[in-house]
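Quick notes on the structure that follows.
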Amino acid sequence: MTWNERFPLHPSSRPRIFWDFCAMFFLCYDLVIIPMQVFEMPQSAFLEALSMTCTIYWTLDIGASMNTAVFINGKLVSDSRRICRQYAITWMTLDVMLVLGDWTTVILGTGAADPMSLARTLRTGRVVRMLRLARLLRFMKMKRLVDDVKRRASTELVLFVINVIQLFLSTALLTHVLACVWYLLGSSETDGCVHTEGLVGNDLGTIYLMSMQWSLSRLHPISLRDNMKLKLPQERMFSLVASFGSFLFSSIFISYITNTMAKLARLWKERSSKLSAIGEYAANHRVKTTLTEREEAGDLLNLLCQIAEQICTSSFLVVRLPKKISPAVQVQCRKDGRVTVSHTPVILAEQETRVRNMYQGYEAITETYLLAGDIVFEPNAVSSCMYLCDAGKLVYCMDLRAIQEGCPIWTETKPHHRGSCCRRGTVLPSQEPRLLTKDSTELSVGAFLSEAALWSSHWQHTGQLSAATDARVLAVKAEKFGLCVQRSTAAMCDVVIYARYFIQDMNHNLINTDLPPDQVKREDTAIFHDVRPVEPSFGPS
Numbered sequence: 000m001t002w003n004e005r006f007p008l009h010p011s012s013r014p015r016i017f018w019d020f021c022a023m024f025f026l027c028y029d030l031v032i033i034p035m036q037v038f039e040m041p042q043s044a045f046l047e048a049l050s051m052t053c054t055i056y057w058t059l060d061i062g063a064s065m066n067t068a069v070f071i072n073g074k075l076v077s078d079s080r081r082i083c084r085q086y087a088i089t090w091m092t093l094d095v096m097l098v099l100g101d102w103t104t105v106i107l108g109t110g111a112a113d114p115m116s117l118a119r120t121l122r123t124g125r126v127v128r129m130l131r132l133a134r135l136l137r138f139m140k141m142k143r144l145v146d147d148v149k150r151r152a153s154t155e156l157v158l159f160v161i162n163v164i165q166l167f168l169s170t171a172l173l174t175h176v177l178a179c180v181w182y183l184l185g186s187s188e189t190d191g192c193v194h195t196e197g198l199v200g201n202d203l204g205t206i207y208l209m210s211m212q213w214s215l216s217r218l219h220p221i222s223l224r225d226n227m228k229l230k231l232p233q234e235r236m237f238s239l240v241a242s243f244g245s246f247l248f249s250s251i252f253i254s255y256i257t258n259t260m261a262k263l264a265r266l267w268k269e270r271s272s273k274l275s276a277i278g279e280y281a282a283n284h285r286v287k288t289t290l291t292e293r294e295e296a297g298d299l300l301n302l303l304c305q306i307a308e309q310i311c312t313s314s315f316l317v318v319r320l321p322k323k324i325s326p327a328v329q330v331q332c333r334k335d336g337r338v339t340v341s342h343t344p345v346i347l348a349e350q351e352t353r354v355r356n357m358y359q360g361y362e363a364i365t366e367t368y369l370l371a372g373d374i375v376f377e378p379n380a381v382s383s384c385m386y387l388c389d390a391g392k393l394v395y396c397m398d399l400r401a402i403q404e405g406c407p408i409w410t411e412t413k414p415h416h417r418g419s420c421c422r423r424g425t426v427l428p429s430q431e432p433r434l435l436t437k438d439s440t441e442l443s444v445g446a447f448l449s450e451a452a453l454w455s456s457h458w459q460h461t462g463q464l465s466a467a468t469d470a471r472v473l474a475v476k477a478e479k480f481g482l483c484v485q486r487s488t489a490a491m492c493d494v495v496i497y498a499r500y501f502i503q504d505m506n507h508n509l510i511n512t513d514l515p516p517d518q519v520k521r522e523d524t525a526i527f528h529d530v531r532p533v534e535p536s537f538g539p540s
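Counting in numbering that gives the first Met the number 0, the sequence shown runs from 0 upward without gaps.
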């Protein structure tokens with residue numbers, strides 16, 4: 000990858016996110032270490048190395064900011080000139096001044112180690128402290144960095160965790176600053192709290208903990224009487240400011256915590272409702288929610304979450320499966336349609352072990368959800384699917400021309416014996432049910448139509464199919480069905496044999512209806528020699 004391909008970095012790229020987290024760490028480091036200059040901190044090689052690392056980081060951050068794409072008026076800008084121009088009018092001046100101050104601090108700190116003059120050392124120490132104090136101006140970047148992290152949050156729960164961490168760190172840093180300020184004011188004169196409480200001469204840890212306890216004890220309204228005993232005017236003034244600030248901060252803190260807990264309770268309630276909806280959907284549709292593969296389980300969980308969000312008050316659940324989903328999850332989510340599909344003659348021609356192989360190719364089946372009165376297909380329309388009623392009721396109305404040609408309809412839909420490839424001679428034996436004189440047939444769950452579309456590429460519908468009630472229809476696409484069956488050699492052989500017998504039956508018996516053959520009265524002894532043979536569109540010749 001060339002330099003031009005790597006840079007400028009995208010604001011949401013992984014290297015930039017890592018760089019921003021480093022910036023937040025060094026900002027927190029400055030906010031902790033710089034106020035502690037009021038204490039007599041011992042020299043530490045670790046702190047000096049960390050301070051040098053911080054200086055190097057902020058120096059490199061200038062170049063990183065010039066090589067990171069920016070959003071201007073909502074548009075991502077990747078042009079280097081426009082990026083530098085935008086950086087120059089925003090943060091560049093402040094960053095350059097602070098970096099120069101950091102390196103000046105490093106140089107003066109190195110020179111101060113040479114004890115040439117006590118006065119020179121004291122002056123150098125004051126300059127170094129002032130320059131280090133100026134580094135707190137970088138804290139203005141913290142809000143922008145935190146906002147960027149919040150925008151990258153993917154869920155409400157992640158955003159809630161970020162807000163809680165932000166609140167906790169803000170409270171801790173504010174308490175830290177108060178402790179340092181109290182020590183600074185108390186150590187300015189001999190009548191200060193540092194001298195009266197006997198903190199002089201103790202180690203840094205003891206002094207810091209006592210200062211922290213002192214600052215916290217002076218915030219509560221009960222401590223107003225104790226604040227009256229303070230001797231220094233600057234301590235009394237700061238105690239008043241701290242008390243009023245604590246009132247304001249406590250109000251904001253309690254309000255924020257209350258709203259956050261209410262929001263968290265709402266999120267848990269929504270999550271519980273989604274989980275209950277997922278459980279109900281999985282139970283009603285026989286979806287197996289415990290998959291062995293971790294990736295498949297994740298796909299199923301994401302899918303079920305989408306399903307839970309789409310639940311409405313209608314009698315059926317309208318769900319569209321995502322395109323990118325593992326095959327195992329597709330099979331599980333289509334499992335409720337297996338009962339309907341398994342009652343079709345072509346599936347009954349398979350043995351149970353071979354049907355399991357066919358289930359792996361369930362992408363040939365698509366679901367269609369209908370309201371009462373919706374039309375599935377019209378007469379004379381070319382069909383490429385076989386339709387199955389999976390829920391609700393459908394009505395099939397024969398075309399008048401087909402009825403005039405003498406194709407009676409039967410009401411019985413369940414013969415005592417169905418076709419089996421074990422009996423090659425008779426594929427679809429029929430009963431002698433009761434004749435229905437009307438031109439329409441009501442179809443319930445398990446009924447199927449237009450099976451001839453699977454075996455003939457030029458099949459035309461001979462009637463109209465509509466929904467009598469809210470219904471769910473499964474459509475088996477002929478082209479995809481052929482691809483699915485070819486995945487199993489055993490299933491391919493049996494289906495090809497079944498298709499040949501079906502085409503032979505179509506060539507010898509006039510079939511001008513979309514209804515199953517067992518609902519059409521046949522003249523078993525008559526052979527229509529004038530009927531043009533139908534060539535099968537599925538399987539090898």
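Where a beta carbon is used, it is the ideal one built from N, C-alpha and C, also for glycine.
Just so you know, these numbers come straight off a predicted model, no measurement behind them.
Out of the options, point me to the one whose CA is closest to residue i's CA.
i: Tyr563; options: Cys179, Ser186, Leu218 and Met65; result: With the chain represented from 0 up to 540, any question about residue 563 goes unanswered, as that position is not in the structure.
i: Thr259; options: Ile161, Ser443 and Leu229; result: Ile161
i: Thr440; options: Leu59, Ser465, His460 and Asp60; result: Ser465
i: Asp146; options: Phe38, Cys396 and Leu158; result: Leu158
i: Val13; options: Thr67, Phe237 and Arg80; result: Val is not the amino acid found at residue 13; the sequence shown has Arg there. Closest option to Arg13, Cα to Cα, is Thr67.
i: Leu172; options: Ile221, Met211, Ile256 and Leu97; result: Met211
i: Asp94; options: Leu136, Ser79, Val105 and Ile106; result: Leu136
i: Ser543; options: Ser443, Ser456 and Asp373; result: Missing from the structure shown is residue 543; the chain here goes from 0 to 540 and no further.
i: Phe38; options: Leu203, Leu26 and Ile88; result: Leu203
i: Gly445; options: Gly391, Arg15 and Ser249; result: Gly391
i: Arg235; options: Asn201, Cys192, Ile251 and Ser271; result: Cys192
i: Thr174; options: Phe248, Gly200, Met505 and Thr104; result: Phe248
i: Phe252; options: Ile374, Arg499 and Leu166; result: Leu166
i: Thr549; options: Gly244, Asp504, Leu387 and Lys140; result: The chain is shown from 0 up to 540; residue 549 falls before or after that span and cannot be answered.
i: Ser245; options: His219, Leu263, Met397 and Ser50; result: His219
i: Met397; options: Glu279, Val98, Asp513 and Lys262; result: Asp513
i: Trp458; options: Val472, Ala477 and Arg471; result: Ala477
i: Val105; options: Gly73, Arg143, Glu47 and Val394; result: Glu47
i: Glu450; options: Ser250, Cys384 and Val495; result: Cys384
i: Pro34; options: Thr468, Tyr182 and Thr52; result: Tyr182
Excluding sequence positions up to five away, which residues of its chain have a Cβ less than 6 Å from the Cβ of residue i?
i: Glu155; result: Leu266
i: Ser238; result: Arg217 and Asn226
i: Met209; result: Leu198
What span of residues does the beta strand (DSSP E) with residue i cover, start to end?
i: Arg471; result: Ala470 to Lys476
i: Glu377; result: From DSSP, Glu377 is part of no beta strand (DSSP E); its letter is neither H nor E.
i: Lys230; result: From DSSP, Lys230 is part of no beta strand (DSSP E); its letter is neither H nor E.
i: Gly462; result: Gly462 to Ala466
i: Glu366; result: Ile364 to Leu369
i: Ala390; result: Cys384 to Ala390
i: Leu136; result: Leu136 -> no beta strand (DSSP E), and no H or E assigned at all.
i: Leu393; result: Leu393 to Met397
For the alpha helix (DSSP H) containing residue i, list its first residue and its last residue.
i: Ser455; result: No alpha helix (DSSP H) holds Ser455; DSSP gives it neither H nor E.
i: Ala446; result: From DSSP, Ala446 is part of no alpha helix (DSSP H); its letter is neither H nor E.
i: Ala171; result: Glu155 to Gly185
i: Val381; result: That residue, Val381, is in no alpha helix (DSSP H); it is neither H nor E in DSSP.
i: Ala152; result: Premise fails: Ala152 is in no alpha helix (DSSP H) and is neither H nor E.
i: Val199; result: No alpha helix (DSSP H) contains Val199, which DSSP labels as neither H nor E.
i: His507; result: Thr488 to His507
CB-CB under 7 Å to residue i, same chain, minus the five flanking residues each way: which ones, in chain order?
i: Met65; result: Ile82, Cys83 and Tyr86
i: Phe480; result: Ala363 and Leu453
i: Leu75; result: Ala68
i: Tyr56; result: Cys21 and Phe25
i: Val148; result: Ile161
Sorted by chain position, which residues of the same chain lie with C-beta nearer than 8 Å to residue i's C-beta, five sequence neighbours on each side aside?
i: Phe17; result: none
i: Trp102; result: Thr54 and Thr58
i: Gln485; result: Met491
Can you find at least 3 beta carbon pairs, one from the region 8-22 and one from the region 40-52, that sit closer than 8 Å?
-> No, they do not touch.
The region 375-391 / the region 460-480 touching (three or more Cβ pairs under 8 Å) = Short answer: they touch.
Evaluate the contact criterion for the region 221-239 versus the region 181-192: three or more CB pairs, one atom per stretch, below 8 Å.
-> Contact between the region 221-239 and the region 181-192 is present, because at least three Cβ pairs lie under 8 Å.
Decide if the region 51-60 is in contact with the region 12-29; the criterion is three or more beta carbon pairs, one per stretch, under 8 Å apart.
-> Yes: at least three Cβ pairs fall under 8 Å.
For the region 20-90, which segments carrying the beta strand (DSSP E) assignment without a break, of at least 3 residues, lie completely within its bounds, in sequence order?
-> Those beta strand (DSSP E) runs which fall completely within the region 20-90 and span 3+ residues are 69-71 and 74-76.
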